[in-house]
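Numbering (this note's numbering), first residue to last: 290 to 509.
We put the CB at the ideal spot given by N, CA and C, even for glycine.
Taking it in order: structure first as C-alpha coordinates, then the write-up.
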Amino acid sequence: MEKLMKPAEYAKELGISRQAVYAKIKRGILQSKSVEGKLYIVVDNDKIPKETKTMQNTTGKPKQKSTNIEEYKALLDAKDETIAVLKETVLDLKESNNQISTTLRGEIDLLKDAFYEMRTLYAHQLEHKKQESIEELLNQDEVEKVQEEVIEIFTDEEEQKEKWIGIKKFFKIYNITKEKTQEKLTKRLKKAYKKGDKRLIKIEDKLKINLNKNYEDILD
(Lines of atoms letter the chains of each structure in order from A and count residues from 1; the text may use other names and numbers.)
(Lines give C-alpha, C1' and ligand atoms only; values in the text may rest on other atoms or scores of the structure.)
Protein backbone atom coordinates (compact mmCIF):
# COMPACT_ATOMS: atom_id res chain seq x y z
CA MET A 1 0.00 0.00 0.00
CA GLU A 2 1.38 3.41 -1.02
CA LYS A 3 1.54 6.41 1.27
CA LEU A 4 3.11 9.88 1.32
CA MET A 5 5.96 10.72 3.69
CA LYS A 6 7.85 13.93 4.30
CA PRO A 7 11.56 13.80 3.34
CA ALA A 8 12.53 14.29 6.99
CA GLU A 9 10.28 11.44 8.10
CA TYR A 10 11.61 9.15 5.40
CA ALA A 11 15.21 10.02 6.32
CA LYS A 12 14.50 9.28 9.99
CA GLU A 13 12.81 6.00 9.08
CA LEU A 14 15.88 4.86 7.14
CA GLY A 15 18.41 6.43 9.50
CA ILE A 16 19.96 8.59 6.74
CA SER A 17 20.34 12.32 6.18
CA ARG A 18 17.82 14.48 4.36
CA GLN A 19 20.53 15.37 1.83
CA ALA A 20 20.73 11.71 0.91
CA VAL A 21 16.95 11.59 0.44
CA TYR A 22 17.03 14.62 -1.86
CA ALA A 23 19.93 13.05 -3.74
CA LYS A 24 17.83 9.90 -4.31
CA ILE A 25 14.95 12.07 -5.60
CA LYS A 26 17.30 13.93 -7.93
CA ARG A 27 18.66 10.68 -9.35
CA GLY A 28 15.23 9.16 -9.78
CA ILE A 29 15.75 6.45 -7.15
CA LEU A 30 12.82 7.74 -5.08
CA GLN A 31 9.44 8.80 -6.42
CA SER A 32 8.27 12.19 -5.17
CA LYS A 33 5.04 14.15 -5.37
CA SER A 34 4.15 17.79 -4.71
CA VAL A 35 0.97 18.35 -2.68
CA GLU A 36 -0.14 21.96 -2.04
CA GLY A 37 3.40 23.16 -2.71
CA LYS A 38 5.04 20.66 -0.35
CA LEU A 39 7.28 17.78 -1.40
CA TYR A 40 6.41 14.23 -0.33
CA ILE A 41 8.00 10.84 -0.94
CA VAL A 42 5.72 8.19 -2.46
CA VAL A 43 6.55 4.93 -0.66
CA ASP A 44 5.17 1.42 -0.31
CA ASN A 45 4.62 0.40 3.31
CA ASP A 46 5.75 -3.13 2.54
CA LYS A 47 9.04 -1.90 1.07
CA ILE A 48 10.11 0.51 3.85
CA PRO A 49 13.22 -1.05 5.40
CA LYS A 50 13.14 -1.58 9.12
CA GLU A 51 16.26 -1.56 11.25
CA THR A 52 15.01 -4.29 13.61
CA LYS A 53 12.10 -6.69 13.94
CA THR A 54 11.16 -8.85 16.93
CA MET A 55 10.27 -12.53 16.81
CA GLN A 56 9.38 -15.23 19.33
CA ASN A 57 11.80 -18.06 20.24
CA THR A 58 10.84 -21.52 21.36
CA THR A 59 10.50 -20.38 24.96
CA GLY A 60 8.11 -17.56 23.99
CA LYS A 61 10.61 -14.75 24.82
CA PRO A 62 11.16 -11.90 22.29
CA LYS A 63 14.36 -12.12 20.25
CA GLN A 64 16.12 -9.33 18.27
CA LYS A 65 16.54 -10.08 14.53
CA SER A 66 19.88 -9.13 12.96
CA THR A 67 19.89 -6.13 10.69
CA ASN A 68 19.71 -7.11 7.04
CA ILE A 69 23.01 -6.74 5.12
CA GLU A 70 21.15 -5.08 2.27
CA GLU A 71 19.89 -2.40 4.68
CA TYR A 72 23.47 -1.66 5.73
CA LYS A 73 24.44 -1.47 2.11
CA ALA A 74 21.57 0.94 1.44
CA LEU A 75 22.72 3.11 4.34
CA LEU A 76 26.29 3.16 3.01
CA ASP A 77 25.04 4.03 -0.46
CA ALA A 78 22.98 6.85 1.01
CA LYS A 79 26.04 8.19 2.84
CA ASP A 80 28.06 8.02 -0.38
CA GLU A 81 25.29 9.88 -2.20
CA THR A 82 25.28 12.55 0.50
CA ILE A 83 29.03 12.99 0.20
CA ALA A 84 28.75 13.17 -3.59
CA VAL A 85 26.02 15.84 -3.34
CA LEU A 86 28.16 17.87 -0.92
CA LYS A 87 31.17 17.63 -3.22
CA GLU A 88 29.08 18.82 -6.17
CA THR A 89 27.76 21.69 -4.05
CA VAL A 90 31.30 22.72 -3.07
CA LEU A 91 32.42 22.63 -6.71
CA ASP A 92 29.40 24.72 -7.75
CA LEU A 93 30.18 27.26 -5.04
CA LYS A 94 33.81 27.50 -6.11
CA GLU A 95 32.79 28.01 -9.72
CA SER A 96 30.24 30.67 -8.70
CA ASN A 97 32.85 32.47 -6.60
CA ASN A 98 35.31 32.45 -9.51
CA GLN A 99 32.66 33.88 -11.83
CA ILE A 100 31.74 36.58 -9.30
CA SER A 101 35.41 37.50 -8.79
CA THR A 102 35.97 37.72 -12.55
CA THR A 103 32.86 39.88 -12.98
CA LEU A 104 33.89 42.20 -10.14
CA ARG A 105 37.39 42.63 -11.54
CA GLY A 106 35.89 43.52 -14.91
CA GLU A 107 33.52 46.05 -13.33
CA ILE A 108 36.39 47.63 -11.35
CA ASP A 109 38.47 47.97 -14.52
CA LEU A 110 35.54 49.63 -16.30
CA LEU A 111 35.06 52.06 -13.41
CA LYS A 112 38.77 52.94 -13.45
CA ASP A 113 38.68 53.60 -17.20
CA ALA A 114 35.55 55.74 -16.82
CA PHE A 115 37.19 57.70 -13.98
CA TYR A 116 40.32 58.45 -16.01
CA GLU A 117 38.22 59.53 -19.00
CA MET A 118 36.09 61.83 -16.84
CA ARG A 119 39.17 63.34 -15.18
CA THR A 120 40.80 63.99 -18.57
CA LEU A 121 37.60 65.54 -19.92
CA TYR A 122 37.22 67.70 -16.83
CA ALA A 123 40.82 68.89 -17.12
CA HIS A 124 40.23 69.96 -20.74
CA GLN A 125 37.02 71.76 -19.78
CA LEU A 126 38.74 73.52 -16.88
CA GLU A 127 41.57 74.67 -19.13
CA HIS A 128 39.02 75.94 -21.64
CA LYS A 129 37.18 77.85 -18.91
CA LYS A 130 40.43 79.43 -17.74
CA GLN A 131 41.16 80.60 -21.27
CA GLU A 132 37.67 82.07 -21.58
CA SER A 133 38.09 83.85 -18.25
CA ILE A 134 41.38 85.42 -19.41
CA GLU A 135 39.75 86.59 -22.62
CA GLU A 136 36.86 88.11 -20.68
CA LEU A 137 39.30 89.95 -18.40
CA LEU A 138 41.04 91.37 -21.44
CA ASN A 139 37.76 92.86 -22.51
CA GLN A 140 37.95 96.64 -22.03
CA ASP A 141 34.60 96.91 -20.27
CA GLU A 142 35.61 94.30 -17.73
CA VAL A 143 38.96 96.02 -17.18
CA GLU A 144 37.20 99.31 -16.41
CA LYS A 145 34.87 97.54 -14.00
CA VAL A 146 37.81 96.01 -12.16
CA GLN A 147 39.49 99.42 -11.96
CA GLU A 148 36.36 100.92 -10.40
CA GLU A 149 36.22 98.12 -7.83
CA VAL A 150 39.88 98.67 -6.95
CA ILE A 151 39.24 102.39 -6.45
CA GLU A 152 36.30 101.62 -4.13
CA ILE A 153 38.48 99.25 -2.12
CA PHE A 154 41.18 101.90 -1.60
CA THR A 155 38.55 104.55 -0.80
CA ASP A 156 37.06 102.43 1.99
CA GLU A 157 40.42 101.14 3.21
CA GLU A 158 40.65 103.62 6.09
CA GLU A 159 37.10 102.82 7.20
CA GLN A 160 37.77 99.09 7.10
CA LYS A 161 41.23 99.36 8.56
CA GLU A 162 40.10 98.22 11.97
CA LYS A 163 37.24 95.75 12.34
CA TRP A 164 36.49 94.74 15.92
CA ILE A 165 34.73 91.47 16.72
CA GLY A 166 33.79 89.54 19.87
CA ILE A 167 35.49 86.42 21.19
CA LYS A 168 32.72 84.07 20.02
CA LYS A 169 32.93 85.35 16.46
CA PHE A 170 36.71 85.13 16.65
CA PHE A 171 36.46 81.42 17.55
CA LYS A 172 33.95 80.86 14.76
CA ILE A 173 36.18 82.49 12.12
CA TYR A 174 39.17 80.39 13.19
CA ASN A 175 36.97 77.26 13.51
CA ILE A 176 37.79 76.73 17.18
CA THR A 177 35.00 74.50 18.55
CA LYS A 178 36.48 72.61 21.50
CA GLU A 179 35.52 74.14 24.84
CA LYS A 180 38.89 73.49 26.48
CA THR A 181 40.70 75.19 23.60
CA GLN A 182 38.30 78.16 23.76
CA GLU A 183 38.87 78.53 27.50
CA LYS A 184 42.64 78.43 27.05
CA LEU A 185 42.61 81.01 24.24
CA THR A 186 40.23 83.28 26.16
CA LYS A 187 42.71 83.39 29.03
CA ARG A 188 45.54 84.22 26.61
CA LEU A 189 43.54 87.05 25.00
CA LYS A 190 42.65 88.57 28.36
CA LYS A 191 46.26 88.32 29.50
CA ALA A 192 47.43 90.03 26.28
CA TYR A 193 44.90 92.83 26.82
CA LYS A 194 46.14 93.39 30.38
CA LYS A 195 49.68 93.67 29.05
CA GLY A 196 48.54 96.45 26.70
CA ASP A 197 48.23 94.50 23.42
CA LYS A 198 46.90 97.06 20.89
CA ARG A 199 45.10 94.31 18.97
CA LEU A 200 42.57 94.10 21.81
CA ILE A 201 40.21 96.68 23.29
CA LYS A 202 37.20 96.71 25.59
CA ILE A 203 33.87 98.11 24.48
CA GLU A 204 31.09 98.22 27.10
CA ASP A 205 33.23 95.99 29.32
CA LYS A 206 33.45 93.34 26.58
CA LEU A 207 36.73 92.28 25.03
CA LYS A 208 36.95 93.06 21.30
CA ILE A 209 39.50 91.73 18.83
CA ASN A 210 40.86 93.46 15.73
CA LEU A 211 40.06 91.06 12.89
CA ASN A 212 42.66 92.60 10.59
CA LYS A 213 45.56 91.62 12.83
CA ASN A 214 47.53 88.39 13.05
CA TYR A 215 47.09 86.11 16.09
CA GLU A 216 49.43 83.23 15.36
CA ASP A 217 51.31 83.88 18.61
CA ILE A 218 48.12 83.37 20.61
CA LEU A 219 46.66 80.52 18.55
CA ASP A 220 49.94 78.59 18.51
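Counting along the chain, residue 507 sits inside the alpha helix (DSSP H) bounded by residues 505-508.
Taking a C-beta distance under 8 angstroms as the contact criterion, residue 474 and residue 462 do not qualify as a contact pair. Boundaries of the alpha helix (DSSP H) around residue 480: 468-483. Per DSSP, residue 318 lies in no beta strand (DSSP E) and is assigned neither H nor E. Scanning its chain for C-beta atoms nearer than 6 angstroms, with the 5 sequence neighbours on each side dropped, one finds around residue 320 the residues 331, in chain order. Here residue 405 is exposed, its C-beta having fewer than 16 other C-beta atoms within 10 Å. By DSSP's assignment, residue 294 forms a beta bridge with 330.
CA-to-CA, the gap between residue 409 and residue 397 works out to about 18 angstroms. Around the C-beta of residue 489, 16 or more other C-beta atoms lie within 10 Å, and the residue is accordingly described as buried.
At the C-beta level, residue 454 and residue 487 stay beyond 8 angstroms of one another. In the three-state reduction of the DSSP assignment, residue 306 falls in the coil class. Check the Cα spacing between residue 368 and each of 481, 297, 479 and 313: the tightest is with 313. In terms of Cα proximity to residue 304, the closest of 394, 365, 391 and 500 is 365.
At a Cβ-Cβ threshold of 8 angstroms, residue 507 and residue 481 count as neighbours. Excluding five sequence positions before and after residue 296, the CB atoms of its chain that fall closer than 7 angstroms to its own CB belong to 307, 310, 311, 328 and 330, given in chain order. Residue burial annotation: residue 411 is exposed, with fewer than 16 other C-beta atoms found within 10 angstroms of its C-beta. Taking 8 angstroms as the cut-off, the beta carbon of residue 333 is found closer than this to the beta carbon of residue 291. In the same chain as residue 380, and ignoring 5 residues on each side of it, no C-beta atom comes closer than 6 angstroms to its own. Straight-line spacing of the CA atoms in residue 388 and residue 395 works out to 11 angstroms. 495 is the residue among 495, 484 and 378 whose C-alpha sits nearest the C-alpha of residue 458. Residue pairing by DSSP places residue 498 opposite 454 and 489 in a beta bridge. Here residue 300 is buried, its C-beta having at least 16 other C-beta atoms within 10 Å.
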